[in-house]
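Taken in order, the sequence shown gives residues 92 to 218; the numbers are from my numbering. Quick notes on the structure that follows.
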Amino acid sequence: IVHFQGRLRLTGFHSSRKIPREGKSYVGAEFSSGYLPPKMISKITTDSDLDKFRNYFLKNEEDETSELWKKVKPKFIENKTAAYLVKTFKYAEKLENASNGDHFQEEEPESPDSLPYDLVVASPAFD
C-alpha cells in the first residue's frame with residue numbers, strides 16, 4: 092500500500108499467485124525485500140546447502156554481478172557459521188495446450204529438488 096497523490100493505492104500484484112483447485116502453486120519467484128513473512132526465510136548452516144543454492148542461481152562467475160544474485164545472495168551472520176536466504180526459485184516456463192487448442196504458458200518451478208529448502212505453497216493464509 093502506498094500513498095500517492097492524496098490516495099492510498101495497492102501495488103505489487105506482479106508477484107501474486109493463482110491458487111489452483113488442483114495441484115500446487117508456489118510463492119517466492121518474485122518478492123519484495125521490503126516485506127516477507129518469516130516462512131519465506133531459510134537458514135543454512137552447511138557448505139553443501141550453500142553450494143546447492145549457488146549452483147542453482149549461478150551458472151558462471153559473471154552471474155555474481157547480476158541484479159538477481161545481488162537480490163537473492165545469502166546474508167551471512169557475523170561469524171559466518173550460518174546464512175539466511177529467501178526461499179526463492181526460478182521458473183521453467185513451458186507451453187501447454189488448452190482444451191480449445193489455444194497455447195498458454197504454465198509457470199513451474201525449475202528443478203526445485205536442487206534447492207536446499209522446500210518451496211512455499213501459495214495459500215489464502217499466506218501473508
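The beta-carbon is built from N, C-alpha and C at its ideal position, and this holds for glycine as well. As the structure is a prediction and not an experimental result, all values here were calculated from the model.
Checklist entry - Mapping DSSP to helix, strand and coil, what is D198? => result For the record, residue 198 in the displayed sequence is Glu; it is not Asp. Correct three-state label for E198: strand.
Next on the checklist: Between the alpha carbons of Y147 and V93, how many angstroms are there, rounded?
Outcome noted: 34 Å
Checklist entry - Should F144 be labelled buried (16 or more other beta-carbon atoms within 10 Å of its own) or exposed? => result Label assigned to F144: buried.
Next on the checklist: Less than 8 Å between the beta carbons of L206 and F180, yes or no?
Outcome noted: yes
Checklist entry - Near V211, what residues of its chain come up, given a Cβ to Cβ distance below 7 Å and the 5 sequence neighbours on each side ignored? => result Y117, V118, G119, K130, M131 and K178
Next on the checklist: Need the endpoints of the alpha helix (DSSP H) that K161 sits in, please.
Outcome noted: E158 to V163
Checklist entry - Can you tell me whether DSSP reads Y208 as helix, strand or coil? => result coil
Item to check | Close Cβ partners of L149 (< 8 Å) along its chain, the five nearest in sequence each way excluded | outcome: E155 and W160
Checklist entry - Based on Cα-Cα distance, which residue from D209, V163 and L141 lies nearest to E121? => result V163
Item to check | Counted within 10 angstroms of its Cβ, other Cβ atoms place S214 as buried (16 or more) or exposed | outcome: exposed
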